[in-house]
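Chains as they are written, first to last, in full-length UniProt numbering: chain A, 1 to 183; chain B, 1 to 183.
For every residue, glycine included, the Cβ atom is placed at its ideal position computed from N, Cα and C.
Here the structure is a predicted model, which means the values were calculated and not measured.
2 protein chains.
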Amino acid sequence: RRARPVREVLFFPSRPCCIEALLAEAAEPGAPARPCPCPLPSVDTALSRLVRRLLSARRSLDLCLFAFSCPQLARAVQLLHRRGVHVRLVTDAQYMGLHGSQIGRLRHAGIQVRHDQHSGYMHHKFAIVDRRMLITGSLNWTTQAIQSNRENVLVVEDAEYVKAFQDEFERIWEEYNPASYSF
Amino acid sequence: RRARPVREVLFFPSRPCCIEALLAEAAEPGAPARPCPCPLPSVDTALSRLVRRLLSARRSLDLCLFAFSCPQLARAVQLLHRRGVHVRLVTDAQYMGLHGSQIGRLRHAGIQVRHDQHSGYMHHKFAIVDRRMLITGSLNWTTQAIQSNRENVLVVEDAEYVKAFQDEFERIWEEYNPASYSF
């Protein structure tokens, strides 16, 4: 039986938390949990809920992110990539090189990244899991935003909204094709 | 009969457009349209749709905006205030004084404004019309974002999502009560 569509609203700031158990379970389901030596609690927070939603990806993850510097979220994305999930990432050219950006690391891991060449910002902050679940809001994927800002994220499993954002993603993905870059 | 709930996705950049006809109709419904001398076309754009949704307010408009410098949107909000709509505005302390900010003008017009006292940003960008319609996304209310950035705005008439954001608004509104400011 099909589960009820996900409808969730996450508000930030989120208290800092350890997501090692979530990552370990996603990397090796059913493996015995090893305690993490870090001092952070493994508790249910807005961040842990966001990570859980991302880690639910089985086939594809399309990311359209103005700023991506949070190492915890980058680890989740890398894990999905290693697990065979098809990850595509669109980001902003002016922000991808800033201090702490995770874009280089993700590219190095083999993840496809495309960026704009405009003076305007690629200011979206959304993710689409398995072309089925939309994660969108005000939150840039930075530790500062997660831990310090007032932010919102909607998680929506609704074909109409997902399609609108998926279409926008595909438009941008094509427009930012490196074959079309001008120098 | 109750109309079907609004479900709309707006993508930006929006081409520049004239919203004088929309404002005039909202200020004086049914009055004969006077042509605007500005060179911009009065066409259907993401901006004009956003303005229409805002101008549909009859009783209340709750705004929770990181940055608000777009004069066109400020005029729409002022018009609602003059029309007797109860407008409340929460904004970010670090951004409200920046060049071009409309916050001073809105305060001067008699609109209640509250802001944070934190180092973290009040980074939300949402509006709630008549406690019934949620307008939220990546878009800061700046002309730069509207005309130059890739942005999204969801318009959602869905009691569950509206309640979550209305509760967040009320929490912030109380927390930012000037009676609690410390100096």
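Query	Result
Can you tell me the Cα-Cα spacing of Leu80/A and Val113/A, whole angstroms?	15 Å
Once you ignore the five residues that flank Asn140/B on each side, which residues in its own chain have a CB closer than 6 Å to its CB?	Phe66, Ala67 and Lys125
So with CB distances below 9 Å, who are the chain B contacts of Ser42/A?	The premise fails here: Ser42/A is roughly 24 Å from chain B at the closest Cβ pair, so nothing lies under 9 Å.
How about Val9/B: is its C-beta nearer than 8 Å to some C-beta of chain A?	yes
Using a Cβ-Cβ cut-off of less than 9 Å, list which residues of the stretch 119-133 of chain B approach chain A; keep chain order.	Ser119, Gly120, Tyr121, Met122, His123, His124, Lys125 and Phe126
Which of helix, strand or coil does DSSP assign to Glu175/A?	helix
Roughly how many angstroms lie between the CA atoms of residue 185/A and Thr91/A, to the nearest whole one?	Lying outside 1 to 183, the shown extent of chain A, residue 185/A is not represented and no answer is given.
Do Phe183/B and Asp62/B have their C-beta atoms closer together than 8 Å?	no
So is Arg53/A buried or exposed if we call it buried at 16+ other beta carbons inside 10 Å?	buried
Can you tell me which residues form a DSSP beta bridge with Phe12/B?	Glu151/B
Which of the three DSSP states is assigned to Ile128/B in this structure?	strand
Using 8 Å as the threshold, is the C-beta distance between Gln117/A and Ala93/A below it?	yes
In whole angstroms, give me the CA-to-CA distance for Ser148/B and Leu50/B.	16 Å
May I have the straight-line CA-CA distance separating Ala74/B from Ile135/B, to the nearest angstrom?	16 Å
What are the residues in the stretch 152-166 of chain B lying within 8 Å of chain A by C-beta distance?	Asn152, Leu154, Glu160, Tyr161, Ala164 and Phe165
Say whether the stretch 11-29 of chain B touches the stretch 158-169 of chain B, bearing in mind that this needs 3 or more beta-carbon pairs closer than 8 Å, one atom from each stretch.	no
Which of the three DSSP states is assigned to Gly120/B in this structure?	coil
Can you tell me where the alpha helix (DSSP H) holding Gly104/A begins and where it ends?	Ile103 to His108
Have a look at Arg150/B and Phe12/B and give me their C-alpha separation to the nearest angstrom.	5 Å
Return yes when the Cβ of Leu55/A is within less than 8 Å of the Cβ of Ser14/A, no when it is not.	no
Mind pulling the beta strand (DSSP E) runs of 3 or more residues that sit fully within the stretch 37-86 of chain B?	60-65
The beta strand (DSSP E) with Leu98/A in it runs from where to where?	Taken as a continuous stretch (DSSP letters only), Leu98/A belongs to no beta strand (DSSP E), as it is neither H nor E.
Nearest-angstrom Cα distance between Leu154/A and Met122/B?	17 Å
Beta-carbon within less than 6 Å of Val156/A's beta-carbon, same chain only, minus the 5 sequence neighbours each way: which residues are those?	Leu134
Let me confirm a value: Ser119/A is counted as buried when at least 16 other C-beta atoms fall within 10 Å, else exposed. Which label applies?	exposed
Spatial neighbours of Arg59/A within its chain, please: C-beta separation below 7 Å, excluding the five flanking residues on both sides.	Val85, His86 and Asp130
Determine, for Ile146/A, whether the minimum Cβ-Cβ distance to residues of chain B falls below 8 Å.	no
Out of Asp158/B, Ala179/B and Lys163/B, state which residue places its alpha-carbon closest to the alpha-carbon of Arg4/B.	Asp158/B
What are the residues that DSSP puts in a beta bridge with Arg4/B?	The partner list for Arg4/B (beta bridge, DSSP) is empty, contrary to what the question assumes.
Taking Cβ to Cβ, would you say Ile172/A is nearer than 8 Å to Cys38/A?	no
Below 7 Å CB to CB, which residues in the same chain sit around Tyr176/B once its five sequence neighbours on both sides are set aside?	Val90, Arg114, His115 and Asp116
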